[in-house]
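Structure first, commentary second.
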Amino acid sequence: MSGMKERRELEETEKLEQIQAIEADAGSVEITELSGDKDETYRVLELALEAGRILLRNGGEIFRVEETVWRICENFGVKGLDTFVLSNGIFVAANYEGRTIYARMRHVPLSGAHLGIVAEVNALSREIASGKVGLEEAFLRLEEIKKIQQHPLWLHTLASGMGAGGFCYIMGATVAESGATFFIGVFLHLFMTLLRKSCSSKVLLNTLGGVFITVLAICGSHFLPFGFQIDKMITGAIMPLVPGVAFVNAIRDIADNDILSGTVRMVDAILVFVYIAVGAGAVLTVYQNLMGGTLV
Amino acid sequence: MTLLLNMLFAGTGALGFTILYNAKPETYVCAWLTGAIGWMFYYIPAQYIDAGAASFLSAAAVAFLSRTFAARKKCPMTIFLIAGIFPIVPGAGVYYTMYYLVTDQLRAAAMKGITSMKVAFAIVLGIVVILSIPKKWFFVSNWRRKDVEKEYIAPSRK
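In order, the protein sequence lines correspond to chains A and B. Numbered by the numbering used here, the letters in the first sequence go through residues 6 to 301 in order. Numbered by the numbering used here, the letters in the second sequence go through residues 181 to 338 in order.
So this is what it looks like as structure tokens:
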């Protein structure tokens, strides 16, 4: 037994050595062939990949990411470029005289949207294309863009209330109900902000969000003496949880023939809907059984 | 009066989501307008025609407005598109579908579900129709002089 093991180990080390030899060989060939502009080409591709990653992470569409990568590379004179962008990953490869000199992929997890950053990167890519910004300056600008913060909490909270209240009214509620939904939206945002600190699971977050708004709506309808309708308040209040950017980006990706990424984003959006509805539905079922009343 | 209130609330709701997604303050006025006008294109036709057709009209109007504003403000059209699409997204429909499913009212669930799907498809179609218009048509300069800068299409897309 031990003999076999030793032999296997020996074979493995031999293989490793061979691989290392091949790699070293390839490396030396590469360097002799493009010693001069290799570094710069690498920097350009790094810049393009990073810009693409930031765009994709913050809710840019697939075609925008591809366009940005190509624009940057073309402007700095990189040829033989090939890109493949998915909703959660970017692949970039560059050829030089038939040899691959750069091939990298970045994983970009599906996450929240920050449209301000998308707008900034877009502006930067335009400026690069018109030749106003050099390579190093572009890196500095990109670092600055990465540091852009979200809007302050009070503004987000207010916006969440505005969204909930505004859409509650146009779904056919009264102004008073819409006012109550404004406060549900405000509390929902504070609740979600607290929850996000300790939990990152999308399933749990959205289900608990659904539970929270339903409980608040039931409380509002029961303990306030105005006779508010529960279902109107809930349909308004779920709006801040609805993944709008994912939905709109899914449509745009499908319109641009990026069916794969579009489908992934659409499924992501629909699943969030399902989680919210499960949370809300669970509370409503319990409530209905306890109170015996009819709802919706 | 109801019409005005509807416009006001739709715009305010749309603006809320623009802020929630961290768009820049310069875009707020345009986002408000997109939300308000887009909802009018749903609210008024929906009294005469079916919800799917009204959604199509509204989505097309929103997409058109978004592209115009995006060309003016030189920023991604997604910002305005989200503001305008949010009021007509069948969030309530999907919610009712799920609610009926959870409470085992399958017939009602199927009806609500198919209506929501219809609206969703109408929105997709409305946006796609406007998206297929060439980009340069949305720049005012295109209609004034002949030598406009060419639209950039990444070579991988050609």
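No residue lacks a Cβ here, since even glycine has one placed at the ideal position from N, Cα and C. Values in this document were obtained by computation on a predicted structure and should not be read as measured data.
{"query": "Throw me the rounded Cβ distance for the lysine 151 of chain A and isoleucine 59 of chain A pair, which I believe falls under 8 angstroms.", "result": "7 angstroms"}
{"query": "So, using beta-carbon positions, are phenylalanine 260 of chain B and cysteine 210 of chain B closer together than 7 angstroms?", "result": "yes"}
{"query": "At least one CB of chain B closer than 7 angstroms to the CB of leucine 120 of chain A: is that the case?", "result": "yes"}
{"query": "Let me know the secondary structure DSSP gives isoleucine 264 of chain A once reduced to three states.", "result": "helix"}
{"query": "Tell me which same chain residues have a C-beta within less than 6 angstroms of the C-beta of valine 274 of chain B, skipping the five on either side of it?", "result": "Ser296"}
{"query": "Can you give me the start and stop residues for the beta strand (DSSP E) that leucine 91 of chain A sits inside?", "result": "86-91"}
{"query": "Only counting the same chain, and skipping five residues up and downstream in sequence, which positions put a Cβ closer than 7 angstroms to that of leucine 185 of chain B?", "result": "none"}
{"query": "For tryptophan 219 of chain B versus proline 267 of chain B, is the C-beta distance shorter than 7 angstroms?", "result": "yes"}
{"query": "Provide the residue(s) that pair with isoleucine 307 of chain A in DSSP beta bridges, ordered along the chain.", "result": "With chain A represented from 6 up to 301, any question about residue 307 of chain A goes unanswered, as that position is not in the structure."}
{"query": "When the distance is taken between beta carbons, is isoleucine 77 of chain A closer than 7 angstroms to isoleucine 133 of chain A?", "result": "yes"}
{"query": "When DSSP labels each residue in this structure, what does phenylalanine 303 of chain B get in the three-state scheme?", "result": "The question names phenylalanine, but residue 303 of chain B is isoleucine in the sequence shown. Correct three-state label for isoleucine 303 of chain B: helix."}
{"query": "I want to see whether chain A comes within less than 7 angstroms of leucine 311 of chain B, judged by CB atoms only; does it?", "result": "yes"}
{"query": "What do you reckon, are the CB atoms on glutamate 236 of chain B and alanine 300 of chain B nearer than 7 angstroms?", "result": "One point to set straight first is that residue 236 of chain B is phenylalanine, not glutamate, in the sequence displayed. No, the pair does not count as a contact, with Cβ atoms beyond the cut-off."}
{"query": "By how many angstroms is the C-alpha of glutamate 55 of chain A removed from the C-alpha of histidine 227 of chain A?", "result": "52 angstroms"}
{"query": "Which same chain residues end up closer than 8 angstroms to glycine 184 of chain A when comparing Cβ atoms and leaving out the 5 residues on each side of it in sequence?", "result": "Gly170"}
{"query": "My output table needs one value for asparagine 63 of chain A: the three-state DSSP class, helix, strand or coil.", "result": "coil"}
{"query": "If contact means a Cβ-Cβ distance below 9 angstroms, which residues of the region 68-93 of chain A contact chain B?", "result": "Phe68, Arg69, Glu71, Glu72, Thr73, Val74, Trp75, Arg76, Glu79, Leu86, Asp87, Thr88 and Phe89"}
{"query": "Report the rounded CA-to-CA distance for asparagine 294 of chain A versus methionine 187 of chain B, giving the unit in angstroms.", "result": "39 angstroms"}
{"query": "Can you tell me the Cβ-Cβ gap for leucine 213 of chain A and glycine 168 of chain A, rounded? I've got them flagged as a contact below 8 angstroms.", "result": "Between glycine 168 of chain A and leucine 213 of chain A the Cβ distance is about 19 angstroms, and since that is not below 8 angstroms, they are no contact."}
{"query": "Please check if any C-beta of chain B sits within less than 7 angstroms of the C-beta of serine 40 of chain A.", "result": "Caution applies to serine 40 of chain A, whose pLDDT of 44 falls short of 50 and renders its modelled position unreliable; the model cannot decide the point."}
{"query": "Once you ignore the five residues that flank isoleucine 263 of chain A on each side, which residues in its own chain have a CB closer than 6 angstroms to its CB?", "result": "The sequence given here has aspartate at residue 263 of chain A, not isoleucine. Only Ile67 meet the Cβ criterion."}
{"query": "I'd like to confirm the pairing. Which residues does DSSP put opposite asparagine 186 of chain B in its beta bridges?", "result": "Partner(s): none; asparagine 186 of chain B has no beta bridge."}
{"query": "Using a Cβ cut-off of 7 angstroms (strictly closer), state whether glutamine 155 of chain A contacts chain B.", "result": "yes"}
{"query": "Use the C-beta contact count for valine 328 of chain B: other C-beta atoms within 10 angstroms, 16 or more gives buried, fewer gives exposed.", "result": "Confidence at valine 328 of chain B is low in this model, with a pLDDT of 49, below 50, so its placement is unreliable and the value that follows should be read with caution. Under this definition valine 328 of chain B is an exposed residue."}
{"query": "Cβ closer than 8 angstroms: which chain B residues qualify as neighbours of methionine 296 of chain A?", "result": "Correct list: empty, because the minimum Cβ distance to chain B is about 14 angstroms."}
{"query": "Going by C-alpha to C-alpha distance, which of A:Ile218, A:Gly82 and A:Val272 sits closest to serine 165 of chain A?", "result": "A:Ile218"}
{"query": "For chain B, is any of its Cβ atoms less than 7 angstroms away from the one on isoleucine 175 of chain A?", "result": "yes"}
{"query": "Taking a cut of 8 angstroms between CB atoms, which residues from the region 264-276 of chain B lie near chain A?", "result": "Ile265, Phe266, Pro267, Val269, Gly271, Ala272, Val274, Tyr275 and Tyr276"}
{"query": "Look at the alpha carbon of glycine 136 of chain B and the alpha carbon of valine 250 of chain A, and state the distance between them as a whole number of angstroms.", "result": "Since the displayed chain B opens at 181 and closes at 338, residue 136 of chain B lies outside it and no answer follows."}
{"query": "Compute the Euclidean distance between the alpha carbons of proline 230 of chain A and valine 180 of chain A, then round it to the nearest angstrom.", "result": "15 angstroms"}
{"query": "If you run the structure through DSSP and keep just helix, strand and coil, what is tyrosine 228 of chain B?", "result": "coil"}
{"query": "Beta-carbon of isoleucine 199 of chain B versus every beta-carbon of chain A: anything under 7 angstroms?", "result": "yes"}
{"query": "DSSP on tyrosine 279 of chain B, reduced to helix/strand/coil?", "result": "helix"}
{"query": "Looking only at its own chain, which residues have a Cβ that is under 8 angstroms from the Cβ of valine 305 of chain A, when we skip the five neighbours before and after it?", "result": "This structure leaves residue 305 of chain A out entirely; chain A is present only between 6 and 301."}
{"query": "With a CB to CB cut of under 8 angstroms and the five nearest residues on each side skipped, what residues in its chain are close to isoleucine 242 of chain A?", "result": "Per the sequence presented here, residue 242 of chain A reads as alanine, with isoleucine not at that position. Once the five neighbours on either side are set aside, the close Cβ partners of alanine 242 of chain A are Ala169, Cys173, Thr186, Ile189, Gly190, Leu193, Ile218, Leu221 and Ala222."}
{"query": "Could you check where the alpha helix (DSSP H) with methionine 176 of chain A kicks off and where it finishes?", "result": "Here methionine 176 of chain A belongs to no alpha helix (DSSP H), and DSSP marks it neither H nor E."}
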